[in-house]
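In the numbering used here, the protein residues as written are 2 to 307. Note that the Cβ used here is the ideal one computed from N, Cα and C, for glycine as well. From a predicted model like this one, the values you see are computed outputs, not experimental measurements. Heads up, the thing below is written out as structure tokens.
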């Protein structure tokens with residue numbers, strides 16, 4: 002009790018110095034925790050600017066298709082019909098993006114007779130909520146594939162997936178466990194949502210503060226405690242499934258992560274390199290990029306069975 006009293010009301014020089022150091026440490030801890038908490042909040046609640054479209058005037062004659070998520074809620078997506086009975090390519094947008102950002106890729110796929118489908122992940126576009134950077138999004142993608150496979154105008158056993166960063170993680174995670182996925186293309190994907198947390202921390206410039214990286218990692222793990230047993234992505238079970246990996250020079254941290262995934266993946270696999278990532282491409286660059294994606298799916302998942 003005397004020690005506590007001395008710390009609260011220090012009378013000696015040593016006690017005063019020690020008490021001051023404790024106060025400074027406490028202040029630093031609270032400051033770092035506050036900064037980390039702010040970063041996490043910004044990550045899991047990215048700014049949303051939902052874009053609305055009138056499907057009746059859109060090319061490709063898309064229709065609204067709703068599907069149930071694991072929690073019983075409903076999610077709406079857009080279905081672009083291709084050749085009846087052809088495989089469906091589900092296009093999974095990236096972090097801080099929305100389905101409207103990948104419409105031209107969907108159109109390019111539909112022009113080659115693929116059915117195509119896209120929707121907004123939680124916390125993006127028209128879907129409110131908190132993102133998990135891939136954990137929960139994998140389940141959303143799985144629910145979409147499950148619902149689409151029940152349609153009578155698609156091949157229920159042959160699906161393709163394209164995904165960017167967060168969508169790429171979800172696409173690969175689903176490919177590992179769902180035999181209906183016959184081909185997958187991922188752009189700047191990663192093996193663990195925690196990797197994306199660190200990418201965002203580094204991009205914020207606050208990683209130079211000691212402890213911020215650790216605090217954000219711990220905070221993100223606590224918020225996603227339900228996924229605590231989810232190991233980093235392993236692609237051992239994708240043997241025989243065609244895989245296309247894309248890296249871009251303007252996202253070096255993610256490029257490094259996707260190259261690691263490529264190196265660990267079994268055959269068949271391809272790796273291509275782009276100057277900039279998909280949303281920032283010029284019209285000509287985007288056209289060439291989409292041509293490569295379409296060619297990959299035509300070779301790996303032809304609309305007409307061989």
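Between residue 278 and residue 251, the CB-CB gap stays under 8 Å. Distance from the CA of residue 51 to the CA of residue 127, rounded to the nearest whole angstrom, comes to 5 Å. Boundaries for residue 277: no beta strand (DSSP E) harbours it, and the DSSP string shows neither H nor E there. Taking residue 245 as the centre and dropping the five residues before and after it, the same chain places the C-beta of 186, 271 and 297 closer than 6 Å to its C-beta, in chain order. The Cβ atoms of residue 175 and residue 143 sit closer than 8 Å to each other.
With 16 or more other Cβ atoms from the protein chains shown falling within 10 Å of its own Cβ, residue 63 counts as buried. For residue 189, the closest C-alpha among the options 65, 276 and 72 is that of 276. For residue 264, the uninterrupted alpha helix (DSSP H) segment begins and ends at 253 to 265. DSSP places residue 182 in the strand class (E or B) of the three-state scheme.
Contact between residue 148 and residue 68 holds, with the beta-carbon distance rounding to 3 Å and staying under 8 Å. By the Cβ rule, the segment 197 to 212 does not count as touching the segment 231 to 244, because fewer than three pairs are nearer than 8 Å. Secondary structure within the segment 124 to 173: the alpha helix (DSSP H) runs of 4 or more consecutive residues, fully enclosed, are 136 to 149 (chain order). Within the DSSP bridge table, the entry for residue 78 names 66 and 120 as partners.
Residue 177 and residue 47 have their C-alpha atoms some 28 Å from each other. For residue 248, the enclosing beta strand (DSSP E) covers residues 244 to 249. Around the C-beta of residue 170, 16 or more other C-beta atoms lie within 10 Å, and the residue is accordingly described as buried. A residue is called buried once 16 or more other Cβ atoms fall within 10 Å of its Cβ, and residue 243 is buried on that count. Counting C-beta atoms within 10 angstroms of its own C-beta, residue 160 has 16 or more neighbours from the protein chains shown and is therefore classed as buried.
Here residue 271 carries a strand assignment [DSSP, helix/strand/coil]. Nearest Cα to residue 165 within the set 182, 103 and 223: 103. Residue state for residue 217 is assigned as helix, using DSSP reduced to three classes. Here DSSP, grouped into helix, strand and coil, assigns residue 176 to helix.
Residue 88 and residue 204 have their C-alpha atoms some 38 Å from each other.
Residue environment: residue 226 is assigned as exposed (fewer than 16 neighbouring CB atoms within 10 Å of its CB, all protein chains considered). Counting along the chain, the unbroken alpha helix (DSSP H) around residue 200 starts and ends at 194 to 205. Sequence-distant partners of residue 132 (beyond 5 residues in either direction) whose C-beta falls short of 8 Å from its own C-beta, in its chain, are 44, 45, 46, 47, 96, 122, 123, 124, 125, 138 and 167.
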